[in-house]
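Undergrad:
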Amino acid sequence: MNLALVGGCALAGVAAGAVLDAMAARVPPASPRPVETPTRMPAETAPEPLDTTPGSEIRPFPADVPLAPEALVADVPPRDESIPEKRPQAATAPPPPTLLERGVVAVVTGVLFGAAAARIGAAPDLAAYCVLFAGLVTVSVTDIRVGLVPRVYLYPTLALVAVALVASSGLDGNWRSLLDAAIGGAAAFLVFFAIWWVAPRSMGFGDVRLAGVMGFALGWLGLRQVYLGFVVAFVAGSVFGLVKMAVQGTGRKTSLPFGPALALGAVVGVLFGATLANLWFHA
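The numbering of the sequence shown is my numbering, which starts it at 1 and goes up by one.
#1: Which residue comes first and which comes last in the alpha helix (DSSP H) that contains Pro200?
#2: Report the residue from Ser177, Ser255, Pro28 whose alpha carbon sits nearest the alpha carbon of Gly215.
#3: Report yes if the C-beta distance between Gly295 and Leu11 is below 8 Å; otherwise report no.
#4: Within the chosen definition, does the region 257–270 reach the region 139–147 through at least 3 CB pairs nearer than 8 Å?
#5: Roughly how far, in whole angstroms, is the beta-carbon of Val284 from the beta-carbon of Ala118, given that I think they are within contact range, below 8 Å?
#6: Is the distance from the Cβ of Gly219 to the Cβ of Gly185 below 8 Å?
#7: Decide if the region 266–274 is in contact with the region 141–161; the criterion is three or more beta carbon pairs, one per stretch, under 8 Å apart.
#8: Measure the CB-CB distance between Asp172 and Leu223 and report whether it falls below 8 Å.
#9: Considering Ala123, what are the terminal residues of the alpha helix (DSSP H) in which it resides?
#10: Thinking Leu112 and Ile120 are a contact (beta carbons under 8 Å), I'd like their distance in whole angstroms, please.
#11: Which residue's Cα is closest to the Cα of Val152: Ala4, Ala24, Val19, Asn2?
#12: Within the same chain, show all residues whose beta-carbon is closer than 6 Å to that of Gln225, passing over the 5 residues directly before and after it, in chain order.
#13: Would you please state the rounded distance, in angstroms, between the beta carbons of Met164 and Ala128? I believe it to be under 8 Å.
#14: If we ignore side chains and look at the alpha-carbon of each, how far apart do Met203 and Pro97 end up?
#15: Taking Ala122 as the reference, give the member of Ala16, Asp207, Asn2 with the closest Cα.
#16: Just to confirm the assignment, what range does the alpha helix (DSSP H) spanning Ser169 have?
#17: Take the Cβ of Val108 as the centre, count every other Cβ of all protein chains shown within 10 Å, and call the residue buried at 16 or more, exposed below.
#18: I'd like to check one pair, Phe193 with Val213: are the Cβ atoms closer than 8 Å?
#19: Given that a residue counts as buried once 16 or more other Cβ atoms are within 10 Å of its Cβ, and exposed if not, what is Ala246?
#20: Specify the secondary structure class of Ser255 as computed by DSSP and reduced to three states.
#21: Taking only the alpha-carbon atoms, compute the straight-line gap between Gly206 and Gly17 and give it to the nearest angstrom.
#22: Does DSSP classify Arg26 as helix, strand or coil?
#23: Whole-angstrom Cβ separation of Ala167 and Pro124, contact assumed at under 8 Å?
#24: What's the gap between the Cα of Ala188 and the Cα of Pro95?
#25: Would you report the Cα separation of Ala277 and Phe133, rounded to the nearest angstrom?
#26: For the putative contact between Val131 and Val161, defined by C-beta atoms under 8 Å, what is the C-beta separation to the nearest angstrom?
Next comes the structure, spelled out in structure tokens:
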């Protein structure tokens, strides 16, 4: 293990973590859906229907007959205060991150960078996975704080990781890994897109995009890492959901961010995917 490389990457991660936390704090909260309220008027305040029986006739006022000023005012019944209006709820901005939160983000990023250096070493793909970990930290923090996996940070992460892995494949001549990365990314995106299409309330579309990025990054290491990474993500998400329901007593309607679970699965797949694959598949 190159201790100088690990220490340098860890220090770079701590410095990057402070910047990443500031970037995550700039993401506005998700706009909630308008509150659904009844639109029908109560029977006692609804206007009477017109008489449309045969022989009935609606006679307009003659044009030359002046109307009294009070006749121009419609007899509008007072508004029933029991009927709530349908108006969107204002999104509440989260409080700015505290110094402790910023420190935690910086330390976590530094640990991830150092672990990537210890796992990968001085290889061309080290830069790709440091960028990946930086993006995962950013989207995880925003998903926890405001319930969003922002495209503004996810797409640049994918682009930089793709460029780094293409360069690494060109240097090593390992184009098969790049093909596996494309297969893993496409398969993960399509599977999550199908889940989102069938049950859109089960996850946000940001999770679908994040799954594609995760599948691409893990696929370069191997398709088995893709499988194990998503297994870890679903197990972590389920455990977190059960703990939250038990603590809050909210039942099955508990909503929780799935982005951090996907990020954890990606981290485990990168750092321990090969070892877990050997144990899981007896290879």
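Glycine included, each C-beta is placed from N, C-alpha and C at the ideal position.
Computed from a predicted model, the values in this text were never measured in an experiment.
TA: Considering the structure as presented:
#1: DSSP places Pro200 in no alpha helix (DSSP H); its state is neither H nor E.
#2: Nearest to Gly215 by alpha-carbon distance, out of Ser177, Ser255, Pro28, is Ser177.
#3: For residue 295 there is no data in the structure shown, the boundaries of the chain being 1 and 283.
#4: Counting Cβ pairs under 8 Å, three or more are found: they touch.
#5: Residue 284 lies beyond the stretch modelled for the chain, which goes from 1 to 283, so this question has no answer here.
#6: A Cβ-Cβ contact shorter than 8 Å links Gly219 with Gly185.
#7: At 8 Å Cβ cutoff, the stretches do not touch.
#8: No, the pair does not count as a contact, with Cβ atoms beyond the cut-off.
#9: That residue, Ala123, is in no alpha helix (DSSP H); it is neither H nor E in DSSP.
#10: Their Cβ separation, rounded to whole angstroms, is 12 Å, which puts Leu112 and Ile120 out of contact at 8 Å.
#11: The alpha carbon of Val152 has as its nearest neighbour, out of Ala4, Ala24, Val19, Asn2, the alpha carbon of Ala24.
#12: Hits under 6 Å: Leu218, Gly269, Gly273.
#13: The residue you asked about is not Met; residue 164 is Ala in the sequence shown. Ala164 to Ala128, Cβ: 3 Å. Contact.
#14: In this model, Met203 and Pro97 are separated by some 25 Å (Cα to Cα).
#15: Distances from the alpha-carbon of Ala122 to those of Ala16, Asp207, Asn2 put Asn2 closest.
#16: 151–172 is the extent of the alpha helix (DSSP H) around Ser169.
#17: Note on Val108: 16 or more other CB atoms within 10 angstroms of its CB, so buried under the neighbour-count rule.
#18: For Val213 and Phe193, no; Cβs fall outside 8 Å.
#19: Under this definition Ala246 is an exposed residue.
#20: Secondary structure of Ser255 (DSSP, three-state): coil.
#21: A direct Cα-to-Cα measurement between Gly206 and Gly17 gives close to 22 Å.
#22: Here DSSP, grouped into helix, strand and coil, assigns Arg26 to coil.
#23: Ala167 to Pro124, Cβ: 6 Å. Contact.
#24: If you take the alpha carbons of Ala188 and Pro95, they lie about 34 Å apart.
#25: One C-alpha to the other measures close to 21 Å.
#26: Between Val131 and Val161 the beta-carbon gap is near 5 Å, inside 8 Å, which marks them as a contact.
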